[in-house]
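Here's the structure we're looking at; comments come further down.
Numbering (the working numbering), first residue to last: 36 to 361.
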C-alpha cells in the first residue's frame, strides 16, 4: 500500500516562454512482502512471506522549459529536469543480517555494507602490528582495512556503510533549434550520488579465463612499486577480495543519449516530383559517456544492485535517414 503526499507549483510566465513545475513529495509504502527467518527446529522449510516491510521516499522534482521564437526563421528551446530522492527503509526485520547489499531499518534500500580500505601495508611489520590478533596475518602489499573497534582483528564488527545504490539525483537536459529548413536536437541524461560494487571475474586480476588484468592493476603493489592504492596480485587471493570500499566506485555519469541534425528540403524542389515533404537527417545514439575515472566496468547505465558481471557494452549507433511524405 502506497500513500503519497505532495505539494507542487506549476507556472507559465513571459508569454508562456518559461514554464516550471516544482513538486515536493513524501511517498510511504507499507505492507511490503518480506520473508522473515524461522527457527531451524522447523527442519529447513522455506520461510513464508509476510506483509510487514515499510519504506519511505522523500524528495523534490523540478522541470524547467524555455521556448522562444526569435523571428519567422529561427526558434529554439531548452528544458531540464531534476529529481532528488532520499530513500529509507523504515521497517524490515529486527535481526537483519550483515550482507553486502544491506537491508536494515534506518538505511537506504540495499546500502553497500562492508570493510573500509584505508591504504596498503608497506611492510610485514606494519601489517602484523595492525592485525595482531587475526587468524590470517596480512603482509606487505595487502589492503589495510580499518579496525573500527580496535581489537586487532578483522570481524563483522568492522563492517560499516560504504555507499548507497539508489541514485540521489536523476537529471536530464534537452534542447534544440530550427533555422529555416535546418533543425538540431540533443538529449543528455545522467545520475549522481550513487555507488556501485564492481568486484567480479572481469575486474579482479587473473579472473576471466585465468588471465584478465585490467588497467587498474598496472599499478599493483610490488617490492619495487610500493603503490598506496592498489594491492599486490595474488593467485587465489582471499584477503584483498573481502567485500570492502576498495571495490566500491562512484557511479555518477552523464550521457549524450541522442543527437540529431536534419534538413527539410524546400517545397519547390519536391513539387515537380509529386512529393509533399522530404526530410533528411543524421542521428547518433549513446554518443558520449562521462563517468568517474575510477569506475571499472562496461556501460555505467546499469543495474546498481549487482557487480556488473553480466553487463553488456552498449553500442554507439550512427544512422542516416530520409523521411518522405507523398
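Don't be surprised by glycine CBs; every beta carbon is placed ideally from N, CA and C.
For this session: Using beta-carbon positions only, say whether residue 280 and residue 151 come within less than 8 Å of one another.
Result: A distance below 8 Å separates the beta carbons of residue 280 and residue 151.
Exercise. In whole angstroms, what separates the C-alpha of residue 101 from that of residue 52?
Worked result: 5 Å
Exercise. From this set, 235, 107, 179, 210, which residue's C-alpha is nearest residue 216's C-alpha?
Worked result: 107
Exercise. Is the region 149-165 touching the region 236-252, taking contact as three or more C-beta pairs under 8 Å?
Worked result: no
For this session: From the DSSP output, read off the bridge partner residues of residue 320.
Result: Residue pairing by DSSP puts residue 320 in a beta bridge opposite 293, 352.
Problem set entry | Three-way DSSP call (helix, strand, coil) for residue 333 in this model | In the structure shown, residue 333 adopts coil according to DSSP, grouped into three states.
For this session: State the beta-bridge partners of residue 358 as determined by DSSP.
Result: 314
Problem set entry | Pairwise C-alpha distance: residue 346 and residue 239 | 15 Å
Problem set entry | residue 45 burial status per 10 Å Cβ neighbour count (16 or more: buried) | exposed
Exercise. Does any residue of chain C bring its CB to less than 8 Å from the CB of residue 125?
Worked result: In summary, chain C is missing from the structure at hand, where a single protein chain is found.
Exercise. Nearest-angstrom Cα distance between residue 126 and residue 93?
Worked result: Going from the Cα of residue 126 to the Cα of residue 93 covers about 16 Å.
Exercise. In terms of residue numbering, what span does the beta strand (DSSP E) encompassing residue 152 cover?
Worked result: 152-155
Problem set entry | Three-way DSSP call (helix, strand, coil) for residue 166 in this model | coil
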